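There are 2 protein chains.
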Amino acid sequence: METEFIAWLGDHLGDHPQLRVGPGDDAAVLALRHRSECVVSTDLLTDGVDFRLASTSPARVGRKALAVNLSDLAAMAARPVAAVVSLALPRQGALPLAVEIYTGMLPLAERFDVAIAGGDTNTWDGGLVISVTVIGQLTDRGALLRCGARPDDCILVTGDFGGSIRGKHFDFEPRVREALQLMAEYDLHAAIDVSDGLSLDLARLAEASKCGASLELDAVPVADAAYELASELSDGKSARDHALADGEDFELLLAVPPVEAERIVNDQPLDTTVTRVGTFIQEPGLWSVEVDGKRRPEKPRGFEH
Amino acid sequence: METEFIAWLGDHLGDHPQLRVGPGDDAAVLALRHRSECVVSTDLLTDGVDFRLASTSPARVGRKALAVNLSDLAAMAARPVAAVVSLALPRQGALPLAVEIYTGMLPLAERFDVAIAGGDTNTWDGGLVISVTVIGQLTDRGALLRCGARPDDCILVTGDFGGSIRGKHFDFEPRVREALQLMAEYDLHAAIDVSDGLSLDLARLAEASKCGASLELDAVPVADAAYELASELSDGKSARDHALADGEDFELLLAVPPVEAERIVNDQPLDTTVTRVGTFIQEPGLWSVEVDGKRRPEKPRGFEH
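Chains as they are written, first to last, in my numbering: chain C, 786 to 1090; chain X, 786 to 1090.
So this is what it looks like as structure tokens:
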């Protein structure tokens, strides 16, 4: 089935200026531009954990498999160049399934100028597994790491949070353009993409930067989906709880020096809103501040793999 | 379990001069040297197809997952730089399984100067899946592609063939050093690594080069394991049949102009034997020549994915 599938793929992949040797040889050759660094990220998605094939179209799953990787490049302020895609497909109906997965993935690849540089397509007796590795390049501003936050930096976020299970966890927009635009126009110190939960990923960024974070709970932008989910589940969790802990928002969480943060919040340079939700502090750990102004320890909540 | 595993991994990964940002951030940053091209290859291995966890140690499986990728880089004459490793692990015993897999992989990575640049470690209700992506760099001699063979080029192979299921399919030596040494000292036209069967991969190389191949059956170096397997199975297949069709030999198959091929065969510059097994010809397709000197059409045999 791989031979047939590669033939299908050949008809559906366009040219890419940086792809010197594409799928079909033993490896792909990419021509990198300007700088000698390349940025690499990989994510593997499995049926039953990251998606349920029984209730989701393979096209949405394919889109997501690439999008989560692009979100990682965004968090580094890297420009995507290429991706390789490996599939473990159930034997029954493998070819149409592979085609549908790519049908969801290719428009996103095209929109972000990502060359599909190769992959490995297999069938087996198990469920669907999709592994995507993306390669990107840095701009002249370098890489935006997790470890650059400093005390007094503001915590900024793009978009809103919570209830992603209602659809955003498949259909989110990887914040690649937003990250590149902010990186080009402002002085940023650190970033992470929120995949496992706002509070958990904030705690991770703070820890990597050897500082703490104080989250202003009332400032967190809560998605409509979080309200809908809270009301639907009625399990005692508020919409804000969902915003803090749900994960798969794939928004950017940034550490930005105060003057620059004020500029960004005033300028609102992106198509999506940028919100200040707190401050990095000297004291380690995650803290929350409510309207009363008191700081309390906050347990990082989210999805632990 | 991923947090624990990353902690274990942190204690077991050394520094690498080209790895600027390693595992733990959203992506890895690699510094490439000299040239601006990078070479990318990926392979995904599943339980039941590429290995059987019930009868093979996880360490051997982990070694193989990296080795098959290094073999692809060898076939491009690329020097390995880094790898990212994604695992889908059965929930039961996931952590010790991941540790054992890496315990088999890391010594090979070290021996070939491969930085483990990152990965994604997941548990799920299915079987073990390992996806490895390697990144390499070309030397000043450029890439050795599949499409460069010309009529009258000699077909050279490293090592011997057949019966890899008796052990070589796990314990083979990726021919990275051999490829780089041949590329540096001789004029080579094309290469492929024999993963799916000598006759099938030869047919693929010939097709990619828009020519044919004439295989001298008596010249094919047959592995001891192929004789052992033929005698064990007694299913009418000769040792030579196994050498032509078994696959997973992970030897190099090269297209080399006649004068250079003679030099290589005389010099025997590698630790493993290089053998001339035929000639590329104008007429498309795969042909075989037996001792009687007659050319007959040969059906490519091997593992079709």
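In this text, a Cβ means the ideal position worked out from N, Cα and C, and glycines have one as well. These numbers come from a predicted model, not from an experiment.
Quiz item: Can the beta-carbon of residue 848/C be found closer than 7 Å to that of residue 799/C?
Solution: Counting from 1 along the first sequence, the entry for residue 848/C is found at position 63. Counting from 1 along the first sequence, the entry for residue 799/C is found at position 14. In this structure, residue 799/C does not lie closer than 7 Å to residue 848/C by Cβ.
Quiz item: So which residues of chain X does residue 813/C contact, with C-beta pairs closer than 8 Å?
Solution: The residue labelled residue 813/C in the question sits at position 28 within the first sequence. Near residue 813/C (Cβ distances below 8 Å), the residues of chain X are 824, 825, 826.
Quiz item: Considering only C-alpha positions, which residue in the set 831/C, 926/C, 935/C is nearest to residue 909/X?
Solution: Translated into positions along the second sequence, residue 909/X becomes position 124. Minimum Cα distance to residue 909/X is reached at 831/C.
Self-check item: Inter-residue spacing [alpha-carbon to alpha-carbon] between residue 745/C and residue 923/C
Solution: Here chain C covers residues 786 to 1090 and nothing more, so residue 745/C does not appear.
Quiz item: What does residue 796/X touch in chain C if you count any residue whose Cβ is under 7 Å from its own?
Solution: Start at 1 with the first residue of the second sequence, and residue 796/X comes out as number 11. Ordered by position in chain C, no residue passes the 7 Å Cβ test against residue 796/X, which lies about 18 Å from the chain.
Practice problem: Spell out the partners DSSP gives residue 1108/X in its beta bridges. | Solution: Residue 1108/X lies beyond the residue range present for chain X, which begins at 786 and ends at 1090; the question has no answer from this structure.
Exercise. Could you pull the start and end residues of the beta strand (DSSP E) that residue 856/X belongs to?
Key: For the purposes of this step, residue 856/X is identified with residue 71 of the second sequence, where counting begins at 1. Taken as a continuous stretch (DSSP letters only), residue 856/X belongs to no beta strand (DSSP E), being part of the alpha helix (DSSP H) at 843-860.
Quiz prompt | Classification of residue 788/X by the beta-carbon crowding that lies within 10 angstroms, buried from 16 upward | solution = Along the second sequence, one-based indexing puts residue 788/X at 3. With a threshold of 16 other beta carbon atoms within 10 Å, residue 788/X falls short and is exposed.
Exercise. Answer yes or no: do residue 770/C and residue 829/X have a C-beta to C-beta separation smaller than 7 Å?
Key: In the structure as shown, chain C begins at 786 and stops at 1090. Residue 770/C is therefore absent and cannot be evaluated.
Exercise. Report yes or no: is there a C-beta of chain C within less than 7 Å of the C-beta of residue 1051/X?
Key: Along the second sequence, one-based indexing puts residue 1051/X at 266. Taking Cβ atoms only, chain C never reaches closer than 7 Å to residue 1051/X, which makes this a no.
Self-check item: Reduced DSSP category for residue 1058/X - H, G, I as helix; E, B as strand; rest coil
Solution: Against the second sequence, residue 1058/X aligns to sequence position 273. In this structure, residue 1058/X counts as coil in the three-state DSSP scheme.
Quiz prompt | Under 9 Å from the C-beta of residue 977/C: neighbouring residues of chain X | solution = Residue 977/C sits at position 192 when you count from the first residue of the first sequence. Under the 9 Å cutoff, chain X gives 810, 811.
Practice problem: Identify, in the order they occur along the chain, each residue of the same chain with its Cβ nearer than 6 Å to the Cβ of residue 960/C, setting aside the five sequence neighbours on each side. | Solution: The residue you call residue 960/C lines up with position 175 of the first sequence. Cβ neighbours of residue 960/C beyond the five flanking positions: 859, 943, 1037.
Quiz item: Expressed to the nearest angstrom, what Euclidean distance is found between the alpha-carbon atoms of residue 845/C and residue 946/X?
Solution: As a working mapping, residue 845/C is identified with position 60 in the first sequence. As a working mapping, residue 946/X is identified with position 161 in the second sequence. One C-alpha to the other measures close to 43 Å.
Self-check item: the region 1068-1081 of chain C / the region 962-974 of chain C touching (three or more Cβ pairs under 8 Å)
Solution: Contact annotation: the region 1068-1081 of chain C does not touch the region 962-974 of chain C, with fewer than three C-beta pairs closer than 8 Å.
Quiz item: Going by alpha carbons, who is nearest to residue 769/X out of 1048/X, 1045/X, 994/X?
Solution: Look at the range of chain X in this structure, 786 to 1090, and you will see that residue 769/X is not part of it.
Self-check item: Under 8 Å (Cβ pairs) to chain C, residues found in the region 893-916 of chain X
Solution: 902, 903, 904, 905, 906, 907, 908, 909, 910, 911, 912, 914, 916
Quiz prompt | For residue 907/C, the residue or residues it bridges with in DSSP | solution = Here residue 907/C is taken as the residue at index 122 of the first sequence, counted from 1. Its beta-bridge partners are 873/C.
Quiz item: Using CA coordinates, which residue listed in 1030/C, 801/C, 934/C is at the minimum distance from residue 997/C?
Solution: Position 212 of the first sequence, counted from the start, is the residue given in the question as residue 997/C. It is 934/C whose Cα lies nearest to the Cα of residue 997/C.
Quiz item: When you check each C-beta in the region 840-857 of chain C against every C-beta of chain X, which residues fall closer than 7 Å?
Solution: 857
Quiz item: Are the beta-carbon atoms belonging to residue 988/X and residue 1007/X less than 7 Å from one another?
Solution: Numbered from its first residue, the second sequence carries residue 988/X at position 203. Numbered from its first residue, the second sequence carries residue 1007/X at position 222. The answer is no: Cβ separation not under 7 Å.
Quiz prompt | Identity of the residue in 903/X, 880/X, 1000/X, 918/X nearest residue 867/C by Cα | solution = For the purposes of this step, residue 867/C is taken as residue 82 along the first sequence, with counting starting at 1. For residue 867/C, the nearest C-alpha among the options comes from 918/X.
Quiz prompt | Buried versus exposed, by CB contacts within 10 Å (16 or more), residue 854/C | solution = Position 69 of the first sequence holds residue 854/C. The C-beta of residue 854/C has 16 or more other C-beta atoms within 10 Å across all chains shown, which makes the residue buried.
Exercise. Identify which residue in 1005/X, 938/X, 1010/X has its Cα closest to the Cα of residue 950/X.
Key: The residue labelled residue 950/X in the question sits at position 165 within the second sequence. The candidate whose alpha carbon is nearest that of residue 950/X is 1010/X.
Quiz item: Expressed to the nearest angstrom, what Euclidean distance is found between the alpha-carbon atoms of residue 940/C and residue 863/X?
Solution: Counting from one through the first sequence, the residue named residue 940/C turns up at place 155. Counting from one through the second sequence, the residue named residue 863/X turns up at place 78. Rounded to whole angstroms, residue 940/C to residue 863/X spans 43 Å at the Cα level.
Quiz prompt | CA nearest to the CA of residue 1042/C, picked from 812/C, 1063/C, 1031/C, 1058/C | solution = To locate residue 1042/C, count along the first sequence from 1; it is residue 257. Looking at 812/C, 1063/C, 1031/C, 1058/C, the one whose alpha-carbon comes closest to that of residue 1042/C is 1063/C.
Quiz item: From the beta carbon of residue 943/X, is the nearest beta carbon of chain C less than 7 Å away?
Solution: Stepping through the second sequence from its first residue, residue 943/X is reached at position 158. Answer no: the Cβ-Cβ gap between residue 943/X and chain C never drops below 7 Å.
Practice problem: Using the DSSP secondary-structure output, state which residues sit across from residue 828/X in a beta bridge. | Solution: In the second sequence, residue 828/X corresponds to position 43, counting from 1. According to DSSP, residue 828/X bridges with 917/X.
Quiz item: Going by the beta-carbon positions, is the gap between residue 1014/X and residue 948/X smaller than 7 Å?
Solution: Within the second sequence, numbered from 1, the residue matching residue 1014/X stands at position 229. Within the second sequence, numbered from 1, the residue matching residue 948/X stands at position 163. Contact flag set, yes.
Quiz item: Distance, Cα to Cα, residue 838/X vs residue 1055/X?
Solution: Looking up residue 838/X in the second sequence gives position 53. Looking up residue 1055/X in the second sequence gives position 270. Computed Cα separation, rounded: 34 Å.
Quiz item: Which class does residue 789/X belong to by DSSP, given the choice of helix, strand or coil?
Solution: Taking the first residue of the second sequence as position 1, residue 789/X is located at position 4. Correct three-state label for residue 789/X: helix.
Quiz item: How many Å lie between residue 1025/X and residue 979/X at the Cα?
Solution: Counting from one through the second sequence, the residue named residue 1025/X turns up at place 240. Counting from one through the second sequence, the residue named residue 979/X turns up at place 194. Taking the straight line from one Cα to the other gives about 15 Å.
Self-check item: Residues of the region 923-935 of chain X with Cβ closer than 8 Å to any Cβ of chain C, in chain order
Solution: 923, 928, 930, 931, 932
Self-check item: Sequence-distant residues of its chain with Cβ nearer than 6 Å to residue 850/C (five each side left out)
Solution: Looking up residue 850/C in the first sequence gives position 65. For residue 850/C, where only same-chain residues beyond five positions count, the Cβ hits under 6 Å are 830, 915, 917.
Quiz item: Do residue 1035/X and residue 936/X come within 7 Å of each other at the CB atom, strictly closer than that value?
Solution: As a first step, residue 936/X is located in the second sequence; it is residue number 151 there, counting from the start. As a first step, residue 1035/X is located in the second sequence; it is residue number 250 there, counting from the start. Taking a C-beta distance under 7 Å as the contact criterion, residue 936/X and residue 1035/X do not qualify as a contact pair.
Quiz item: In whole angstroms, what separates the C-alpha of residue 1005/C from that of residue 887/X?
Solution: Mapped onto the first sequence, residue 1005/C falls at position 220. Mapped onto the second sequence, residue 887/X falls at position 102. Roughly 40 Å between the two C-alpha positions.
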